[in-house]
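J.: After the structure tokens below, expect a handful of questions from me.
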Amino acid sequence: TATRPATAADSARAGAPVPLRLATAVMALIAIVGIAIPLAAASLVRQSQSAALAGDQQGALEDARSAQNVEPGAATPRLQQALILEADADFDSASAAALGATAKEPTNWRNWLVLSRIEAERGRASSAVTYYRRARSLNPHSSIFTSS
Numbered sequence: 706t707a708t709r710p711a712t713a714a715d716s717a718r719a720g721a722p723v724p725l726r727l728a729t730a731v732m733a734l735i736a737i738v739g740i741a742i743p744l745a746a747a748s749l750v751r752q753s754q755s756a757a758l759a760g761d762q763q764g765a766l767e768d769a770r771s772a773q774n775v776e777p778g779a780a781t782p783r784l785q786q787a788l789i790l791e792a793d794a795d796f797d798s799a800s801a802a803a804l805g806a807t808a809k810e811p812t813n814w815r816n817w818l819v820l821s822r823i824e825a826e827r828g829r830a831s832s833a834v835t836y837y838r839r840a841r842s843l844n845p846h847s848s849i850f851t852s853s
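According to the working numbering, the sequence shown is numbered sequentially starting from 706.
Below you can see the structure in the form of structure tokens.
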């Protein structure tokens, strides 16, 4: 049988050193993981939101906690837990979860606003005002904070 002549692409592939090919494969794998983790966490938060809307508070809380386990550095799963716990009137646990969200993402005014509301529900007016002011300082032009 006849063999085809080698092309420039064949020569380039054959000439690539194994460490370079291995490094490229490792970098591709790291990129895939870097995309998959936040995507999985976001999907779990959406499932949690759907479960909460359907009245399945336990399932919603489990999904939010799973999202936190998948992406421990994210604030959104903690905020989702805070909202679920607040809806269940577990204000102490809700406050702890919201405080965790503010620690992970201290420049997100929404985290501070939710924490402010939960502190008000706990009867902690001073903390509620402090957290409200922090939220307002992060987004002073929001219609939530401006009077009409």
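From the three backbone atoms N, C-alpha and C, an ideal C-beta is built for every residue, glycine too.
Please read all numbers here as calculations on a predicted model, not as lab measurements.
#1: Which residue from A759, S832, S748 and R838 puts its Cα closest to that of D768?
#2: Going straight from the alpha carbon of Q785 to that of L727, what length do you get?
#3: Identify, in the order they occur along the chain, each residue of the same chain with its Cβ nearer than 6 angstroms to the Cβ of Q752, setting aside the five sequence neighbours on each side.
#4: Looking only at C-alpha atoms, which of L758, A802 and S821 sits nearest to P777?
#5: Rounded to whole angstroms, what's the CA-CA distance from S832 to I849? Just pull it up for me.
#6: So, A779 versus P722, is the Cβ gap smaller than 9 angstroms?
#7: On the premise that A840 lies in contact with L818, defined as a C-beta separation below 8 angstroms, what is that separation, rounded to the nearest angstrom?
#8: Among residues of its own chain, excluding the 5 on either side of I823, which ones have a beta-carbon nearer than 7 angstroms to its beta-carbon?
#9: Do you know offhand how far S771's Cα is from R829's?
#10: When the Cα of T812 is compared with those of A794, Y836 and L725, which residue comes out closest?
#11: Is T708 closer than 9 angstroms to A746 when the C-beta atoms are compared?
#12: Would you list, in sequence order, the uninterrupted alpha helix (DSSP H) runs of no fewer than 4 residues that lie entirely inside the stretch 726-754?
#13: Pick helix, strand or coil for A794, following the three-state DSSP scheme.
#14: Given a threshold of 16 other Cβ atoms within 10 Å of its Cβ, counted over all protein chains shown, does Q773 qualify as buried or as exposed?
T.: The structure says:
#1: Locating residue 768 in the sequence shown gives position 63, counting from the first residue. Among A759, S832, S748 and R838, the Cα nearest to that of D768 belongs to S748.
#2: Here residue 785 refers to the residue found at position 80 when the sequence shown is read from its first residue. Here residue 727 refers to the residue found at position 22 when the sequence shown is read from its first residue. So the alpha carbons of these two residues sit roughly 40 angstroms apart.
#3: Taking the first residue of the sequence shown as 1, we reach residue 752 at position 47. Once the five neighbours on either side are set aside, the close Cβ partners of Q752 are D768.
#4: Reading the sequence shown from its first residue, position 72 is the one you call residue 777. Nearest of L758, A802 and S821 to P777, Cα basis: A802.
#5: Taking the sequence shown and counting its residues from 1, the one referred to as residue 832 is at position 127. Taking the sequence shown and counting its residues from 1, the one referred to as residue 849 is at position 144. Near 19 angstroms, if we compare the C-alpha coordinates of I849 and S832.
#6: As a working mapping, residue 779 is identified with position 74 in the sequence shown. As a working mapping, residue 722 is identified with position 17 in the sequence shown. No; because the gap between Cβ atoms is not below 9 angstroms, this pair is not in contact.
#7: Translated into positions along the sequence shown, residue 818 becomes position 113. Translated into positions along the sequence shown, residue 840 becomes position 135. So it is a contact: roughly 4 angstroms between Cβ atoms.
#8: Along the sequence shown, one-based indexing puts residue 823 at 118. Here the set comprises A787, E791, F796, A799, S800 and A803.
#9: Against the sequence shown, residue 771 aligns to sequence position 66. Against the sequence shown, residue 829 aligns to sequence position 124. Spanning the two alpha carbons is a distance of roughly 30 angstroms.
#10: In the sequence shown, the residue the question calls residue 812 occupies position 107. T812 has its Cα closest to that of Y836, out of A794, Y836 and L725.
#11: Stepping through the sequence shown from its first residue, residue 746 is reached at position 41. Stepping through the sequence shown from its first residue, residue 708 is reached at position 3. No, the pair does not count as a contact, with Cβ atoms beyond the cut-off.
#12: none
#13: Here residue 794 refers to the residue found at position 89 when the sequence shown is read from its first residue. Reduced to three states, the DSSP call for A794 is coil.
#14: Working through the sequence shown from its first residue, we reach residue 773 at position 68. Q773 should be labelled buried.
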